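Undergrad: Please read through the structure below; I'll follow up with questions.
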Amino acid sequence: MNRSISWMKYMALAAVLVLVLSGCGAAGNSNSAVQASGGEQAAGQAEGGNLTYALATSPDTLDPHRSGLAVTVRAIRTIYDNLVVQLPDGSIKPWLAKEWSVSEDGKSYTFKLREDVKFHDGTPFNAEAVKFNLDRVIDPTTKAANSLALIRPYSSSEVIDEYTIKVNLEQPSQAFLGNLSQALLGIVSPTAAKKYGDQLGKNPVGTGPYTFVKWDENADIVVAKNRDYNWAPATVENEGAPHIDTITFKIVPEEATRIGSVQSKQVLAAETVPPQNIAALKNDPNQQLLQANTVGLPYTLFFNLRKAPWDDVKVRQAVQSAVDVESIVKTLYLGNYERAWSALSPGILGYDASLEGSINPDINKANQLLDEQGWIKGADGIREKDGKKLTLHYVDGSPNREKRNDIAAIIQQQLKQVGIAVEVEITKDVATVIYQNWDYDLYGNSQVNSDPNALYAFYHTSAEGERPTLSGLSDPKIDKLLEQGAVETDSDKRVDIYNQIQQYLIEQAVILPIYVFPYTVAASKSVQGIKFDSLGYPLFNDVRIQP
Amino acid sequence: MVQTILTRLATSLLVIFGASVLVYCIMYLLPGDPVLLMLDPSSATPEMIQNLRVQLGLDQPFYIQFANYFGDMLRGDFGKSMINSDPVLPKILEHFPATLALTALSSIIAITIGITLGVLSAIHRNGVIDFIARLVGLFGISMPTFWTGILLILLFSVQLGWFPAMGSDGFSSLVLPAATLGLVGAGFIVRMVRNSMLEVVNEPFIMALRAKGLSQRTIMYGHALRNALIPAVTVIGMLIGDLLAGTVVVETVFSRQGIGRIIADALMAKDLPVVQGVVFFTAIIYVVLNLLVDISYAYIDPRVRRAVRT
Numbered sequence: 270m271n272r273s274i275s276w277m278k279y280m281a282l283a284a285v286l287v288l289v290l291s292g293c294g295a296a297g298n299s300n301s302a303v304q305a306s307g308g309e310q311a312a313g314q315a316e317g318g319n320l321t322y323a324l325a326t327s328p329d330t331l332d333p334h335r336s337g338l339a340v341t342v343r344a345i346r347t348i349y350d351n352l353v354v355q356l357p358d359g360s361i362k363p364w365l366a367k368e369w370s371v372s373e374d375g376k377s378y379t380f381k382l383r384e385d386v387k388f389h390d391g392t393p394f395n396a397e398a399v400k401f402n403l404d405r406v407i408d409p410t411t412k413a414a415n416s417l418a419l420i421r422p423y424s425s426s427e428v429i430d431e432y433t434i435k436v437n438l439e440q441p442s443q444a445f446l447g448n449l450s451q452a453l454l455g456i457v458s459p460t461a462a463k464k465y466g467d468q469l470g471k472n473p474v475g476t477g478p479y480t481f482v483k484w485d486e487n488a489d490i491v492v493a494k495n496r497d498y499n500w501a502p503a504t505v506e507n508e509g510a511p512h513i514d515t516i517t518f519k520i521v522p523e524e525a526t527r528i529g530s531v532q533s534k535q536v537l538a539a540e541t542v543p544p545q546n547i548a549a550l551k552n553d554p555n556q557q558l559l560q561a562n563t564v565g566l567p568y569t570l571f572f573n574l575r576k577a578p579w580d581d582v583k584v585r586q587a588v589q590s591a592v593d594v595e596s597i598v599k600t601l602y603l604g605n606y607e608r609a610w611s612a613l614s615p616g617i618l619g620y621d622a623s624l625e626g627s628i629n630p631d632i633n634k635a636n637q638l639l640d641e642q643g644w645i646k647g648a649d650g651i652r653e654k655d656g657k658k659l660t661l662h663y664v665d666g667s668p669n670r671e672k673r674n675d676i677a678a679i680i681q682q683q684l685k686q687v688g689i690a691v692e693v694e695i696t697k698d699v700a701t702v703i704y705q706n707w708d709y710d711l712y713g714n715s716q717v718n719s720d721p722n723a724l725y726a727f728y729h730t731s732a733e734g735e736r737p738t739l740s741g742l743s744d745p746k747i748d749k750l751l752e753q754g755a756v757e758t759d760s761d762k763r764v765d766i767y768n769q770i771q772q773y774l775i776e777q778a779v780i781l782p783i784y785v786f787p788y789t790v791a792a793s794k795s796v797q798g799i800k801f802d803s804l805g806y807p808l809f810n811d812v813r814i815q816p
Numbered sequence: 004m005v006q007t008i009l010t011r012l013a014t015s016l017l018v019i020f021g022a023s024v025l026v027y028c029i030m031y032l033l034p035g036d037p038v039l040l041m042l043d044p045s046s047a048t049p050e051m052i053q054n055l056r057v058q059l060g061l062d063q064p065f066y067i068q069f070a071n072y073f074g075d076m077l078r079g080d081f082g083k084s085m086i087n088s089d090p091v092l093p094k095i096l097e098h099f100p101a102t103l104a105l106t107a108l109s110s111i112i113a114i115t116i117g118i119t120l121g122v123l124s125a126i127h128r129n130g131v132i133d134f135i136a137r138l139v140g141l142f143g144i145s146m147p148t149f150w151t152g153i154l155l156i157l158l159f160s161v162q163l164g165w166f167p168a169m170g171s172d173g174f175s176s177l178v179l180p181a182a183t184l185g186l187v188g189a190g191f192i193v194r195m196v197r198n199s200m201l202e203v204v205n206e207p208f209i210m211a212l213r214a215k216g217l218s219q220r221t222i223m224y225g226h227a228l229r230n231a232l233i234p235a236v237t238v239i240g241m242l243i244g245d246l247l248a249g250t251v252v253v254e255t256v257f258s259r260q261g262i263g264r265i266i267a268d269a270l271m272a273k274d275l276p277v278v279q280g281v282v283f284f285t286a287i288i289y290v291v292l293n294l295l296v297d298i299s300y301a302y303i304d305p306r307v308r309r310a311v312r313t
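So the protein lines, in turn, are chains X and Y. Its first residue numbered 270, the first sequence is counted upward by one per residue in this note's numbering. Its first residue numbered 4, the second sequence is counted upward by one per residue in this note's numbering.
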């Protein structure tokens with residue numbers, strides 16, 4: 270009897286615990302009203318609704334000038350506008366700036382600004398605001414990250430009148446105007462920037478189509494329709510306020526979970542679909558797959574030209590012939606990624622399409638080249654010269670982002686066939702291995718950029734005392750071309766310059782371009798109007814959620 | 004008892020200090036430069052890098068950096084994140100309840116399943132229930148948590164649509180992550196309880212009870228279980244620590260908010276102040292847990308209680 274009473278006591282205690290706990294769960298839930306498929310509440314009408322959009326990683330900050338991550342751009346594009354916009358054909362069109370003129374020497378730009386624009390906090394948008402923004406990026410106390418690289422060679426700006434501003438550069442730059450279109454140079458409210466200081470990233474205020482509502486770290490970012498919006502760029506159809514009420518960016522790093530939450534309708538759209546899920550989503554009657562190739566530098570393997578034997582063009586060409594890029598890209602991405610042929614990706618000004626199909630695998634050629642250079646196969650099948658084995662130190666910096674580690678593994682196998690031993694090192698710490706110690710023979714990287722001038726940072730001889738570029742290339746001919754490309758105003762001539770550079774890089778086997786990264790979005794069929802800008806970032810101005 | 008607890012508290016403070024020194028040293032000695040991680044290495048100029056280093060105080064010698072840090076921490080200032088300048092302590096306090104709820108529910112699941120199956124399998128040794136219990140035990144221990152998590156999402160979110168696949172919105176979103184972690188814990192507890200029950204059952208005092216004519220049920224639940232629970236409590240105490248660590252994986256898989264996610268992100272970004280803050284905070288929790296486990300021994304086992312009293 271006594272025993273059974275104490276058992277009941279334990280049971281009661283356990284029951285109370287469970288109740289308290291479930292109560293905790295419910296109390297901790299600030300927005301239980303936001304149901305899994307929130308967007309569908311607006312079913313039946315094409316206006317209104319909430320778009321839930323799953324991001325693969327968390328933005329670092331919503332302060333455009335301080336961000337260093339591409340994922341941030343997906344969110345801040347909704348909050349901030351830029352002075353100009355770049356169309357997919359590379360042309361620059363007005364946005365917050367109505368028109369502009371360039372001085373004779375190419376060193377100053379005079380912008381006429383729109384007069385009807387207001388920041389979300391009511392601050393008027395004018396020349397003072399633009400000057401504040403540009404100066405803010407180069408101010409060291411801002412701790413600007415990638416925006417600082419984009420704004421170079423900016424030196425100063427002068428307010429001519431309330432809606433006219435003159436921007437001065439240290440030297441002419443053909444990339445400057447295009448860079449002004451990039452989201453990381455979005456225009457922030459000077460009032461908010463002064464008020465919040467380094468906390469602007471948590472309290473973002475811009476002039477964009479959506480206003481910031483809240484950011485629960487590692488959970489979601491919510492933005493709401495800016496009803497006053499009337500100054501959309503030419504990349505979207507809807508000039509005015511967005512059709513939907515809110516966007517909730519959910520942060521879902523695990524790809525299986527992200528795809529699972531679209532399939533279970535917990536979110537309406539999810540970015541970065543892994544290739545193995547693409548076929549299934551294409552066949553799903555409730556889903557659609559949106560894809561936009563990113564522009565800039567495709568995923569490229571850079572030889573370290575300052576380490577023997579990779580300073581020898583014939584040895585590099587042997588690797589170029591031994592690696593079957595086509596089969597790597599087909600095998601790993603199941604036909605969903607495009608193979609890259611050049612140092613630039615298609616769609617960018619100056620892309621040299623004539624390189625397509627130019628390099629094909631040829632094992633005999635590879636063997637012949639290595640034989641010629643005195644690398645002779647030893648007993649273990651690995652080539653040797655002067656007692657040294659032919660080994661290639663392949664470094665990758667990501668835990669299999671986009672299957673990049675698998676590329677390394679396949680290349681390892683392919684190069685073994687011609688007698689090159691590949692040591693693969695996977696490390697998160699590329700800052701030390703690559704940029705500090707320079708300890709690699711082959712290393713992969715990619716970059717999103719709207720201007721071919723992006724090549725400058727990768728192939729121009731680095732200045733005395735500065736860190737070498739990834740390839741360590743130093744060729745006066747290429748340096749000259751890169752310098753000309755940065756300032757050439759005639760776009761035909763520019764195309765010609767960049768064609769020459771791309772051809773050189775492939776002929777000299779400085780790089781092995783692998784794939785062009787497509788930004789993929791899986792979305793419910795009810796979501797319409799997600800567009801992509803010229804860099805492949807999503808735009809939400811035209812989005813409607815249909816019944 | 005009071006004196007014991009006080010002594011334990013004093014050693015606990017030492018443990019917490021030690022942990023924080025250790026982590027500071029490890030983070031300091033790890034290769035890699037937080038400044039290079041913050042800036043895009045392909046576009047940052049050397050002077051940008053140097054400026055940022057000076058601003059963050061990273062140009063100071065190690066002992067000054069540590070002294071500054073520890074002094075501030077004693078004043079309750081855990082510093083700011085290097086990545087987005089968020090103050091660290093409010094960030095931890097904001098995210099801790101979610102992790103606490105996850106750990107608590109998964110502990111309850113682990114303990115309930117673990118003890119029930121452990122006892123049943125010992126009683127019905129070599130029977131069907133025993134087989135199932137051992138299977139659950141093996142599954143819980145050997146499956147990687149992220150894999151279990153993804154399986155549960157595929158089954159209960161995508162196929163059946165019963166629970167959300169991710170998020171921290173309310174109790175329903177807590178079920179799958181807690182079940183994922185709970186299964187791991189249950190695996191350990193099942194094995195522990197089963198083994199110690201089997202040992203206890205063969206002890207002379209059980210035979211004595213049988214001889215007195217007590218029912219099988221009273222013997223098993225009243226006497227054997229109580230004795231078998233002592234080693235189980237040790238395991239459970241350690242396990243709650245493990246579950247807390249397991250939240251790093253589970254919170255990422257299920258996109259939940261929590262300190263597990265925070266520390267995972269901070270480690271990737273080498274965000275020193277955040278890593279330090281979270282470690283300091285979790286060290287406190289570990290120490291408190293251990294204290295509770297010790298006290299609960301005394302409650303369950305009269306021999307321990309008496310030893311403490313004298």
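Glycine included, C-beta positions come from ideal geometry on N, C-alpha and C. All figures in this text were calculated on a predicted structure; none of them were measured in a lab.
Indicate whether Y465 of chain X and E607 of chain X have their beta-carbon atoms separated by less than 8 Å.
TA: Not in contact: Y465 of chain X and E607 of chain X (Cβ atoms no closer than 8 Å).
Undergrad: Can you tell me the Cα-Cα spacing of Q556 of chain X and V521 of chain X, whole angstroms?
TA: C-alpha separation (whole angstroms): 19 Å.
Undergrad: Could you name the residues that DSSP lists as bridge partners for S370 of chain X?
TA: DSSP output for S370 of chain X lists X:T379 as bridge partner(s).
Undergrad: What residues in the segment 457-484 of chain X have a beta carbon less than 8 Å from any beta carbon of chain Y?
TA: Of all residues in the segment 457-484 of chain X, D467, Q468, G470, K471 have a Cβ within less than 8 Å of some Cβ in chain Y.
Undergrad: Within a Cβ cutoff of 8 Å, which residues of the same chain sit near G626 of chain X, ignoring the five residues on either side of it in sequence?
TA: Within the same chain, G626 of chain X has close Cβ partners W610.
Undergrad: Can you pull out the residues from the segment 77-95 of chain Y whose beta carbon lies closer than 9 Å to at least one beta carbon of chain X?
TA: Listed by position, the residues of the segment 77-95 of chain Y near chain X (Cβ gap below 9 Å) are K83, I86, N87, S88, D89, K94.
Undergrad: According to DSSP, is E653 of chain X part of a helix, a strand, or is it coil?
TA: Strand at E653 of chain X.
Undergrad: Buried or exposed for T10 of chain Y, please, with buried defined as at least 16 other CB atoms from any protein chain shown within 10 angstroms of its CB.
TA: The residue is exposed, with fewer than 16 neighbouring Cβ atoms inside 10 Å.
Undergrad: Taking only beta carbons into account, state which residues of the segment 224-238 of chain Y come closer than 9 Å to chain X, listed in chain order.
TA: Hits within the stretch, in order: Y224, G225.
Undergrad: Closer than 6 Å by C-beta to K583 of chain X: which residues in its own chain qualify, once you throw out the five before and the five after it? Chain order, please.
TA: Excluding positions up to five away in sequence, the list reads L638, Q642.
Undergrad: Which bits of chain X does P167 of chain Y rub up against, with CB to CB less than 8 Å?
TA: Here the neighbours are A305, S530, S533, Q535.
Undergrad: Rounded C-beta distance between Q454 of chain X and S416 of chain X? I'm assuming under 8 Å.
TA: Checking the sequence shown, residue 454 of chain X turns out to be Leu, not Gln. Contact holds; Cβ gap of about 6 Å.
Undergrad: To the nearest whole angstrom, what separates the beta carbons of P393 of chain X and K387 of chain X, a pair I think is in contact under 8 Å?
TA: Indeed they touch by this definition, with Cβ atoms about 6 Å apart.
Undergrad: For G225 of chain Y, which of helix, strand or coil comes out of DSSP?
TA: G225 of chain Y: helix per DSSP, three-state reduction.
Undergrad: Check the Cβ of D297 of chain Y against every Cβ in chain A and list those closer than 9 Å, keeping chain order.
TA: Of the chains in the structure shown, none is chain A; the protein chains are X and Y.
Undergrad: Contact criterion: CB-CB distance below 8 Å. Does K646 of chain X meet it with respect to chain Y?
TA: No, no contact with chain Y.
Undergrad: Just list the residues that DSSP pairs Q557 of chain X with in beta bridges.
TA: X:A792.
Undergrad: What's the C-alpha gap between F134 of chain Y and L163 of chain Y?
TA: Answer to the nearest angstrom: the Cα atoms are 28 Å apart.
Undergrad: Go to Y663 of chain X, then tell me how far its alpha helix (DSSP H) extends in each direction, as first and last residue.
TA: Premise fails: Y663 of chain X lies in the beta strand (DSSP E), 660-665, not in any alpha helix (DSSP H).
Undergrad: Quick check on the burial criterion: 16 or more other C-beta atoms within 10 angstroms. Buried or exposed for L2 of chain Y?
TA: Because chain Y in this structure spans residues 4 to 313, residue 2 of chain Y falls outside the shown range and cannot be described.
Undergrad: Determine whether the Cβ of I126 of chain Y lies closer than 8 Å to any Cβ atom of chain X.
TA: It does not; no Cβ of chain X falls within 8 Å.
Undergrad: Under 8 Å, Cβ to Cβ, is there at least one residue of chain Y near S719 of chain X?
TA: No, because no Cβ of chain Y sits closer than 8 Å to the Cβ of S719 of chain X.
Undergrad: Could you give the DSSP three-state label for D761 of chain X: helix, strand or coil?
TA: Helix.
Undergrad: According to DSSP, simplified to helix, strand and coil, what is K273 of chain Y?
TA: K273 of chain Y: coil per DSSP, three-state reduction.
Undergrad: Would you verify that the beta carbon of T330 of chain X is, or is not, closer than 8 Å to some beta carbon of chain Y?
TA: True, the Cβ-Cβ gap to chain Y drops below 8 Å.
Undergrad: Find the nearest neighbour of Y568 of chain X within the set X:K412, X:E431, X:L558, X:I597, judged by alpha-carbon distance.
TA: Ranking X:K412, X:E431, X:L558, X:I597 by Cα distance to Y568 of chain X puts X:I597 first.
Undergrad: Touch check for the segment 522-540 of chain X and the segment 371-388 of chain X: three-plus C-beta pairs under 8 Å?
TA: Contact fails: fewer than three Cβ-Cβ distances are below 8 Å.
Undergrad: Once DSSP output is grouped into helix, strand and coil, what is the label at R128 of chain Y?
TA: In this structure, R128 of chain Y counts as coil in the three-state DSSP scheme.
Undergrad: Output yes or no for whether 8 Å exceeds the beta carbon distance between T347 of chain X and P478 of chain X.
TA: In this structure, P478 of chain X lies closer than 8 Å to T347 of chain X by Cβ.
Undergrad: Would you say Q58 of chain Y lies against chain X (beta-carbon separation less than 8 Å)?
TA: Closer than 8 Å: yes.
Undergrad: Ignore the nearest five residues each way along the sequence and tell me which others in D580 of chain X's own chain have a CB closer than 7 Å to its CB.
TA: These residues qualify, in order along the chain: L574.
Undergrad: Please name the residue, chosen from X:I490, X:L750, X:V717, that lies closest to S803 of chain X on a Cα-to-Cα basis.
TA: Closest option to S803 of chain X, Cα to Cα, is X:V717.
Undergrad: Looking only at C-alpha atoms, which of X:L320, X:I680, X:P543 sits nearest to R670 of chain X?
TA: Checking every option, the nearest Cα to that of R670 of chain X belongs to X:P543.
Undergrad: Assuming the contact rule is C-beta atoms closer than 8 Å, L751 of chain X and A612 of chain X should be a hit. Round their C-beta distance to whole Å, please.
TA: Between A612 of chain X and L751 of chain X the Cβ distance is about 11 Å, and since that is not below 8 Å, they are no contact.
Undergrad: Terminal residues of the continuous alpha helix (DSSP H) containing P522 of chain X?
TA: Looking at the DSSP string, P522 of chain X is not in any alpha helix (DSSP H), and its letter there is neither H nor E.
Undergrad: Against chain Y, which members of the segment 497-527 of chain X pass a CB distance test of less than 9 Å?
TA: Listed by position along the chain: K519, I520, V521, P522, E523, A525, T526, R527.
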